[in-house]
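Here the sequence shown stands for residues 12 to 102, numbered as in my numbering.
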Amino acid sequence: MRNVLTNTLLEASMNYTDGTQAKVGDKVLIGGRHHGVVVADIDGDEYLSKYPRQQWGSLGSGVMINTDFGGLVHYDQESFDGELMELVKRA
12 MRNVLTNTLL
22 EASMNYTDGT
32 QAKVGDKVLI
42 GGRHHGVVVA
52 DIDGDEYLSK
62 YPRQQWGSLG
72 SGVMINTDFG
82 GLVHYDQESF
92 DGELMELVKR
102 A
């Protein structure tokens, strides 16, 4: 039963490759070469004022990251799992 609870909790939040939970304001390294900042945590219902819930909440889950390679990119846990996503600095 504990494994089921743990898996459910992990699915309710976005986690970096090392298991650390993603938070708004985090500076991240994507794929070992690109940088970004988490601007919206849809799962945690937290948004920077420039990126309001009304604009991004309809995505349903995941995070929005303002990247240096493509502007705003939406990631869900599946796309996080498929790419190296590292926390560089906690906000």
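Quick reminder that beta carbons are idealized off the backbone N, C-alpha and C, glycines included.
Computed from a predicted structure; not experimentally measured.
Beta-carbon spacing of residue i, residue j below 8 Å
i	j	result
I53	S72	yes
G47	N26	no
H85	M75	yes
Proximity test, residue i beta-carbon vs the ligand HEM heavy atom, cut-off 7 Å
i	result
V99	With respect to small molecules bound, the structure shown includes none, and the ligand HEM cannot be examined in it.
Three-state class that DSSP yields for residue i in the structure shown
i	result
D56	coil
L83	strand
Integer-rounded CB distance, given that residue j should sit under 8 Å from residue i
i	j	result
I104	E94	It is not possible to answer for residue 104, since the shown part of the chain is limited to 12 through 102.
V49	G30	No, V49 and G30 are not in contact; Cβ-Cβ is about 16 Å, not under 8 Å.
According to DSSP, residues forming a beta bridge with residue i
i	result
K103	The first residue shown for the chain is 12 and the last is 102, placing residue 103 beyond what the model contains.
Terminal residues of the beta strand (DSSP E) in which residue i lies
i	result
N77	V74 to T78
Endpoints, the alpha helix (DSSP H) within which residue i is located
i	result
E103	The question about residue 103 has no answer here: the residues shown for the chain are numbered 12 through 102.
Q65	R64 to W67
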